[in-house]
Ligand code: SF4
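In the working numbering, the protein residues as written are 26 to 308.
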């Protein structure tokens, strides 16, 4: 059987309204990046978009909100959106990505249909202090631990190419592996003129090395996903990321940047001889 590739889609259900100062993030209101900003999307629209993602072959569907973390209003909204999607779309793994979260909040989401929680460590603990001053890396790690203790599947990864050193990359991968996440998104920094981090310090061969190291550290059963920045680094050479160990990718748009057309991605996979996975079971 040919290698199976798992597809995941993202829905930014609350965009661009965050007061934190993460230097890599266009959703921080501090940097005035030219992105679409909106409050909660209509739940009927979210359900419709989930149906479209499912029709394109997505197995994972990620509900993302801008902001540092969950509060009562967000928990309630994500739970209602999750409930509405689960009622109408079958066999879709729902992932919430809503920042820092405590165990009670995560338990509530789980009870309302969320299967997995995404919280990225982003970079090493050392470098995080240089690129974010409004909250600590340790809070991020703690949220990941909360996810695990709640029994939700953990999705945790990071962003490479934000000016970090080789040692930071090693430290990030080691920290991610210490959490044994079920899935790990690897993002490659997409520069934006409005952001304090102006350039990306990563090239194709370095990205391949990161994927190889991640696969080795995380084991064969985990989902290793190439997410943001794929088009910038792997354009027309996606086979390299799969050969390096990736077995999942994001289809459609990212949070604030445009991705490939989902049909083109599926065609690309077929041309390379890969199958689109139809179940999340990686055994
Ligand atoms: S907390 Fe999240 S949404 Fe807010 S600026 Fe940082 S990365 Fe962006």
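Just so you know, even glycine gets a beta-carbon here, dropped at the ideal spot from N, CA and C.
Straight-line measurement puts the Cα of residue 211 at about 6 Å from the Cα of residue 250. Across the set 184, 228 and 299, the C-alpha of 184 shows the shortest separation from the C-alpha of residue 252. Distances from the CB of residue 188 to the heavy atoms of the ligand SF4 are all 7 Å or more. Under DSSP, residue 120 takes part in a beta bridge, and its partners are 87 and 141.
Separation of residue 128 and residue 135 (C-alpha to C-alpha, rounded to the nearest whole angstrom) is 10 Å. Judged by their CB atoms, residue 88 and residue 33 are not nearer to each other than the 8 Å cut-off. For residue 124, the CB falls within less than 7 Å of some heavy atom of the ligand SF4. Scanning the stretch 150-207 for uninterrupted beta strand (DSSP E) segments of 3 residues or longer gives 178-180 and 183-185, listed from N- to C-terminal end. Counting along the chain, the unbroken beta strand (DSSP E) around residue 251 starts and ends at 248-251. In the three-state DSSP reduction, residue 302 falls in the coil class, being neither helix nor strand. Between the C-alpha atoms of residue 81 and residue 288 there is a straight-line separation of about 7 Å.
Judged by DSSP in its simplified three-state form, residue 234 adopts helix. When the beta-carbon positions are compared, residue 189 and residue 149 come within less than 8 Å of each other. Of all alpha-carbon atoms in 236, 215 and 179, the one lying nearest the alpha-carbon of residue 195 is that of 236. Shown here for residue 269: same chain residues with a beta carbon closer than 6 Å to its own, the five before and five after excluded, namely 233, 236 and 237 in chain order. Just so you know, the alpha carbons of residue 213 and residue 295 end up roughly 24 Å apart. A straight line joining the alpha-carbon of residue 240 with that of residue 271 spans about 7 Å. In this chain, the beta strand (DSSP E) harbouring residue 30 covers 29-39. Selection around the ligand SF4 by beta-carbon proximity, strictly under 5 Å to any non-hydrogen atom, yields 43, 45, 47, 50, 52, 53, 91 and 93 in chain order. Collapsing the DSSP output to three states places residue 245 in coil. Annotation: residue 137 to residue 77 spans about 22 Å, alpha carbon to alpha carbon.
Counting the other Cβ atoms within 10 Å of the Cβ of residue 304 gives fewer than 16, which makes it exposed. Looking only at 156, 59 and 124, the smallest Cα-Cα distance to residue 167 is reached by 124. For residue 271, there is no enclosing beta strand (DSSP E), as DSSP gives it neither H nor E.
With respect to residue 248, residue 202 sits apart: the two C-beta atoms are not nearer than 8 Å.
Between the alpha carbons of residue 48 and residue 261 lies a gap of roughly 29 Å. 146 is the residue among 146, 120 and 180 whose C-alpha sits nearest the C-alpha of residue 165. Under the three-state reduction of DSSP output, residue 63 falls in the strand class.
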